[in-house]
Every structure is written in structure tokens, then in C-alpha cells.
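Peer 1:
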Amino acid sequence: SELAALQRDFGAAIASLDKAAEIAPIFRGSPRAALERLSVYRGNVVGACSKALAGAYPIVAKIAGESFFEGLAREYLRRFPSASGDLNEYGASLAQFVAAFPHTGDLPYLADVARMEWLAHRAHYAADAAEGPGLRPAPARALVPARPARARGGAGRAR
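Here the sequence shown is numbered in this note's numbering, starting from 1 and rising by one per residue.
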């Protein structure tokens with residue numbers, strides 16, 4: 001639909017300056033003003049995604065250092081834009097990205113730390129077992145036989 005195409009183009013414009021120049025003419029006012037307005041959205045997206053990555057990977061951020069991690073997060077976002085509205089799902093490929101990123105070559109263990117942190121992050125946000133499918137505790141009344149005397153093999157019957 002036309003709306004879906006507009007939303008897709010808007011998202012691409014936020015992610016890329018080249019795309020922003022292409023979409024700017026659909027906005028009212030000068031293209032330059034539209035690019036400035038899009039940069040506000042871009043800044044919010046970059047900030048939110050960087051914060052989400054720092055939350056999911058606090059040890060990687062600590063090892064790498066704050067300013068290096070911010071740059072790493074920006075480059076990761078450029079290559080791997082968020083595909084979900086839930087930022088708790090963002091960052092699944094960071095370990096592979098870190099392993100291939102030339103500027104982390106002096107930290108060969110960093111990708112392994114990122115893998116461990118992602119698993120811990122996903123476990124933290126996973127649904128509780130009681131909420132999801134699987135075994136559920138039986139109600140207490142189901143544990144008590146309907147006729148306790150018969151269940152014990154006749155013991156306890158009145159004689």
C-alpha cells in the first residue's frame with residue numbers, strides 16, 4: 001500500500017543520509033529543512049539503539065570503553081538496523097559483528113563475552129515457564145484422590 005511504502009521509505013531515510021535526500025521532497029518546506037527534521041529522528045534512533053546495546057552488553061561496553069562502544073554501536077546500527085519495535089530484541093548479531101570488526105582484533109575474547117551476554121539478556125527477557133507452554137503445576141485438589149481410603153489400598157477404612 002502507499003502508506004506501507006511511505007513508512008518503509010521514512011525508515012530508510014532515518015537509517016541513511018542518501019535515502020533521506022531521496023525522501024526529503026515529500027515533506028512540506030525546503031528539502032534542507034526536511035533533512036534537518038529527519039536528523040532529529042535519526043539521532044533518537046541512534047541513541048535508543050545504542051542505549052539498548054549498552055543495556056544488553058554491559059560487560060562488552062566496560063571492556064571496550066564508553067567512547068569506543070558508542071562508535072561500535074553506531075557502526076553496528078548502520079549495518080544491522082533494528083527489525084523490531086522491541087529494543088530488547090536488538091543486538092542478536094553483535095557477537096558476530098565484533099568478531100569480524102577490524103578494530104576489536106586486539107580483544108579476541110570480546111566476541112565470546114558478547115555471545116554470553118546475549119544469552120543472559122535473552123534469558124532475562126524470556127517468558128516465565130508458568131506463562132508459556134509446557135508443564136504447569138497441577139491444582140492441589142487434583143493431587144488429592146477423590147476417595148482417599150481406596151487410594152491407600154483400604155487402609156484407614158472404618159471397621
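Just so you know, even glycine gets a beta-carbon here, dropped at the ideal spot from N, CA and C.
Note that this is a predicted model, so its numbers are computed, not measured.
Does R159 come out as helix, strand or coil in the three-state DSSP assignment?
Peer 2: Stepping through the sequence shown from its first residue, residue 159 is reached at position 159. Confidence at R159 is low in this model, with a pLDDT of 48, below 50, so its placement is unreliable and no value can be given for it.
Peer 1: For the stretch 53-61 and the stretch 88-102, state whether three or more C-beta atom pairs, one from each stretch, are separated by less than 8 angstroms.
Peer 2: Touching, yes.
Peer 1: What distance in whole Å lies between the Cβ atoms of A95 and R115, which are believed to be in contact at a cut-off of 8 angstroms?
Peer 2: The count along the sequence shown starts at 1 and reaches residue 115 at position 115. The count along the sequence shown starts at 1 and reaches residue 95 at position 95. Yes, R115 and A95 are in contact; Cβ-Cβ is about 4 angstroms, under 8 angstroms.
Peer 1: Quick check for students: name the residue ranges of the alpha helix (DSSP H) that lie wholly in the stretch 19-95, counting only runs of 4 or more.
Peer 2: Segments of the alpha helix (DSSP H) lying fully in the stretch 19-95: 31-56, 58-64 and 66-79.
Peer 1: Tell me whether L87, by its Cβ, gets closer than 7 angstroms to a heavy atom of the ligand GTP.
Peer 2: In the structure shown, the ligand GTP is absent, as is every other ligand, since no ligand is present at all.
Peer 1: Which word fits Y109, buried or exposed, when buried means at least 16 other C-beta atoms lie within 10 angstroms of its C-beta?
Peer 2: Walking along the sequence shown from the start, residue 109 turns up at place 109. Y109 is exposed by the Cβ-count criterion.
Peer 1: Can you tell me where the alpha helix (DSSP H) with Y125 in it begins and where it stops?
Peer 2: Indexing the sequence shown from 1 puts residue 125 at position 125. Start and end: L110 to Y125.
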